[in-house]
Amino acid sequence: IMVPFSFEGKWTITEIAPAGAYTVEKVIATLKDEKGNTRECQIMQKWPVKVPIQCYAERLRPEESMATKLRTIDTFFPVAKGGTYCIPGPFGAGKTVLQQVTSRNAEVDIVIVAACGERAGEVVETLREFPEVIDPKTGKSLMERTLIICNTSSMPVAAREASVYTGVTLAEYYRQMGLDVLLLADSTSRWAQALREMSGRLEEIPGEEAFPAYLESVIASFYERGGVVRLKNGEKGSVTIGGTVSPAGGNFEEPVTQATLKVVGAFHGLSRSRSDARRYPAIDPLESWSKYPSVVSEEDLASANQVLRNGNEVGQMMKVVGEEGTSLDDFITYLKSEYIDNTYLQQNAFDDIDSNNSIDRQRFVFSLLLELMDSTLHFNDKAEARTFFQRISQQSRDMNGCVYESEEFNQCVEQWKTLLAEGTEDAK
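Here this note's numbering runs 11 ahead of the position in the sequence shown, where the first position is 1.
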């Protein structure tokens, strides 16, 4: 229990309640300041949720990566502890599942889920699943580190508007303890709609699409409450904020998405075409971006991104001229980009091993991927190339389902290297 943040100066605890069960309104301690004034403290504290808690020595630049155990995010579009990111995407693209996987696997101390205007089913699912999942860091139930602020679509507009502020204030409270906190707001679009309804009732002058004219500054002030701080006792604490955006029809040009993109440090754009093709997580590797440092080197990441871009160009061309009008070299480039997508970007959220990739494992598997990208492959025809990539892709998927550095995993790696050697033998 923290001393109320409104207290100024030095205070001494004169009385404290013995261990036991208490209600939140019960007085548990008495404090005295240097002038001899005494104040009683309850377990419960009152703080205006729209006012940031600024009891710290200084703000620091977010540099340490927050491991989410998702390959696409940690390697290609990382999020730093104390950073901000958004997940815009159309309905049914997998935003909520992506947030649930992140909240389950993220290497943080506290996870706060602010369910703002979303369906009640997702909250119920979290309440049912999390008590059964064990947190590998503590060995206790995952529910013990998770807070859920439940403001579903059936709840009042005013409550929906306040829910994200309540979440970020709770996050700042735990940050003051020197903890790393992850706040997931689902969905900020519903919050913006609540702002629009409140603004309309107050008869304010509307802005674009009838949202309030101050929408951008409100969204910016919310995300600005994230960050890494050095506390007055020398410890560090952080609040990482991730918000989903649900633009109508997946249109990223609408005001809420555009206002969010101006202030966040990473953009994980979900694609309708990828979710329709069941390529999950449906983060578009060509549209998304991040300003934070990756777990792999910049040169290696740029090399993989170039293969993805080249492969996409060939894929678009193949839609017009067909496979027959494509050269063998271009076809191999296309197959290489599909290999990255199928074996590294895609991840099974319902597989305990595949959904939980440590940073060391990601670096190792990415080094294998680069080995294949840099190899000079030679095939007699497209059918032979397709067969090779089908075999090596299946081997990689088998590897994804094995525990890292287990005997089974090492066997898969050896078989993978044997397959790669077969593909490069003719080239030598």
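Glycine included, C-beta positions come from ideal geometry on N, C-alpha and C.
Note that the structure is a prediction, hence the values are computed from the model and not measured.
Range covered by the beta strand (DSSP E) that runs through residue i
{"i": "Lys43", "result": "Val38 to Asp44"}
{"i": "Tyr96", "result": "Thr95 to Pro99"}
{"i": "Asn162", "result": "Thr157 to Asn162"}
{"i": "Thr177", "result": "Segment Val168 to Arg186 is the alpha helix (DSSP H) holding Thr177; no beta strand (DSSP E) there."}
{"i": "Gln53", "result": "Thr49 to Gln53"}
{"i": "Glu26", "result": "Trp22 to Ile27"}
Inter-residue CB distance, residue i and residue j (contact presumed, cutoff 8 Å)
{"i": "Ile159", "j": "Ser174", "result": "Not a contact, Cβ separation roughly 11 Å."}
{"i": "Phe222", "j": "Pro266", "result": "5 Å"}
{"i": "Pro63", "j": "Glu246", "result": "Not confirmed; about 19 Å, so no contact."}
{"i": "Phe61", "j": "Tyr176", "result": "In the sequence under discussion, the amino acid at residue 61 is Lys, which differs from the Phe named in the question. About 5 Å separates the two Cβ atoms, so the contact holds."}
{"i": "Gln53", "j": "Val38", "result": "6 Å"}
Simplified DSSP state of residue i, which is helix, strand or coil
{"i": "Gly261", "result": "helix"}
{"i": "Asp352", "result": "helix"}
{"i": "Trp58", "result": "coil"}
{"i": "Asp362", "result": "coil"}
{"i": "Cys127", "result": "strand"}
{"i": "Glu440", "result": "Outside the shown range of the chain (12 to 439) lies residue 440, about which nothing can therefore be said."}
{"i": "Ala438", "result": "Residue confidence for Ala438 is low, a pLDDT of 49 falling below 50, so the modelled location carries little weight; the figure read from the coordinates is stated next. Residue state, collapsed to three classes: coil."}
{"i": "Gln65", "result": "coil"}
{"i": "Pro223", "result": "strand"}
{"i": "Asp191", "result": "strand"}
{"i": "Pro142", "result": "helix"}
Run of the alpha helix (DSSP H) containing residue i, from where it starts to where it stops
{"i": "Val250", "result": "No alpha helix (DSSP H) holds Val250; the beta strand (DSSP E) holding it covers Lys247 to Val256."}
{"i": "Gln373", "result": "Ile370 to Asp385"}
{"i": "Arg241", "result": "Unbroken run through Arg241 is the beta strand (DSSP E), Gly238 to Arg241; no alpha helix (DSSP H)."}
{"i": "Ile403", "result": "Lys393 to Asn411"}
{"i": "Thr268", "result": "Pro266 to Leu272"}
Distance between residue j and residue i (C-alpha atoms, nearest Å)
{"i": "Ala440", "j": "Leu281", "result": "With the chain covering only 12 through 439, there is no way to say anything about residue 440."}
{"i": "Arg320", "j": "Ser198", "result": "31 Å"}
{"i": "Gly211", "j": "Ala288", "result": "40 Å"}
{"i": "Asn48", "j": "Val256", "result": "48 Å"}
{"i": "Cys423", "j": "Leu431", "result": "12 Å"}
{"i": "Ala438", "j": "Glu419", "result": "Unreliable positioning characterises Ala438 in this predicted model, as indicated by a pLDDT of 49, which lies under 50. The coordinate reading is nonetheless provided below. The straight-line gap from Cα to Cα measures roughly 30 Å."}
{"i": "Glu335", "j": "Lys393", "result": "9 Å"}
{"i": "Glu69", "j": "Asn244", "result": "11 Å"}
**Study point:** the segment 350 to 361 contacting the segment 369 to 387, beta-carbon criterion three pairs below 8 Å
**Key:** Contact between the segment 350 to 361 and the segment 369 to 387 is established, with three or more Cβ pairs separated by less than 8 Å.
Practice item. Report yes or no: do the segment 288 to 305 and the segment 90 to 110 share at least 3 C-beta pairs separated by less than 8 Å? Key: Touching, yes.
Point to revise | the segment 234 to 243 in contact with the segment 77 to 86 per 3-pair CB rule at 8 Å | key: They do not touch, by the three-pair rule.
Check your understanding: Does the segment 64 to 78 come within contact of the segment 90 to 100, defined as at least 3 CB pairs closer than 8 Å?
Key -> As far as the Cβ criterion goes, the segment 64 to 78 touches the segment 90 to 100, which means the pair count is three or higher.
Check your understanding: Does the count of Cβ pairs from the segment 15 to 26 and the segment 36 to 48 closer than 8 Å reach three?
Key -> Three or more pairs of CB atoms, one per stretch, sit closer than 8 Å, so the segment 15 to 26 contacts the segment 36 to 48.
Check your understanding: On the three-pair Cβ rule with 8 Å, is the segment 402 to 415 touching the segment 357 to 367?
Key -> The segment 402 to 415 is in contact with the segment 357 to 367.
Check your understanding: Taking contact to mean at least 3 C-beta pairs separated by less than 8 Å, is the segment 131 to 145 in contact with the segment 308 to 318?
Key -> The answer is no - the segment 308 to 318 does not touch the segment 131 to 145, with fewer than three Cβ pairs under 8 Å.
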